[in-house]
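As numbered in the numbering used here, residues 3 to 153 make up the sequence shown, in order.
We treat Cβ as the ideally placed atom computed from N, Cα and C, and that holds for glycine.
Before any comments, here is the structure.
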Amino acid sequence: MRNVMLFVLLGIGMTFNVYAEISEPAPAVRSDPDFDNGRKALEAQNWKLAIENFSKVAAKDQKNADAQNGLGYAWRKSGNLELAFKHYNEALRLDPRHRGAHEYIGEAYLMANNLAKAEEHLTALDKLCFFPCEEYTDLKKAVEEYKRGKK
3 MRNVMLFVLL GIGMTFNVYA EISEPAPAVR SDPDFDNGRK ALEAQNWKLA
53 IENFSKVAAK DQKNADAQNG LGYAWRKSGN LELAFKHYNE ALRLDPRHRG
103 AHEYIGEAYL MANNLAKAEE HLTALDKLCF FPCEEYTDLK KAVEEYKRGK
153 K
């Protein structure tokens with residue numbers, strides 16, 4: 003029995019090693035200064051500047067789900083849920099597995115008092131994250147807080 007368990011554990015270890023080799027990030031791609039400035043603007047909570055920078059990135063690269071997610075985040079934080087949903091949905095159209103977009107659109111749905119839609123994105127994150135990921139954990143916490151506030 004002990005040998006079988008060791009074999010199983012070694013097999014799991016090998017599986018993770020293979021996965022780690024497959025999932026290694028691509029060589030560094032030249033950074034886009036507009037994208038970098040958009041991120042810095044988000045960190046500084048300068049929503050207007052973030053929108054300006056991520057809009058430039060989106061205009062240059064119409065397949066950039068991260069730029070769309072950044073736009074959605076900046077619009078949500080600036081209070082415009084309509085534009086936030088537009089950009090989050092575009093991010094998810096471009097990349098249905100975009101964990102950040104799932105988390106943030108779920109939070110936007112909570113702001114719009116649509117618990118069911120927020121929970122749909124929580125379920126999507128649960129499927130996307132093999133182990134609990136930060137996006138899943140954060141949205142789960144937001145959903146739980148929303149439910150407590152409604153009682």
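May I have the straight-line CA-CA distance separating residue 100 from residue 141, to the nearest angstrom?
14 Å
For a test of the three-state rule: what should DSSP assign to residue 89, helix, strand or coil?
helix
Any idea what DSSP makes of residue 65, helix, strand or coil?
coil
Considering only the alpha carbon of each residue, which of 55, 51, 115, 106 lies closest to residue 126?
106
One question on the structure: do residue 72 and residue 87 come within less than 7 Å of each other, judged by their Cβ atoms?
no
For residue 75 and residue 46, the rounded distance between their alpha carbons:
13 Å
Where does residue 78 fall in DSSP's three states?
helix
Round the Cβ separation of residue 36 and residue 58 to the nearest angstrom and send it over; I've been treating them as touching at under 8 Å.
4 Å
Please list the terminal residues of the continuous alpha helix (DSSP H) segment that includes residue 43.
35–45
How is residue 110 classed by DSSP in three states: helix, strand or coil?
helix
So residue 93 and residue 108 are in contact, right, with Cβ under 8 Å, and what is the actual spacing, rounded?
With a Cβ gap of about 13 Å, residue 93 and residue 108 do not count as contacting.
Measure from the C-beta of residue 136 to each C-beta in chain D and report whether the shortest distance is under 7 Å.
You won't find chain D in this structure, because it holds only one protein chain.
Would you give the residue range spanned by the alpha helix (DSSP H) that residue 123 belongs to?
117–130
Straight-line gap, residue 38 to residue 148 (C-alpha atoms, nearest Å):
32 Å
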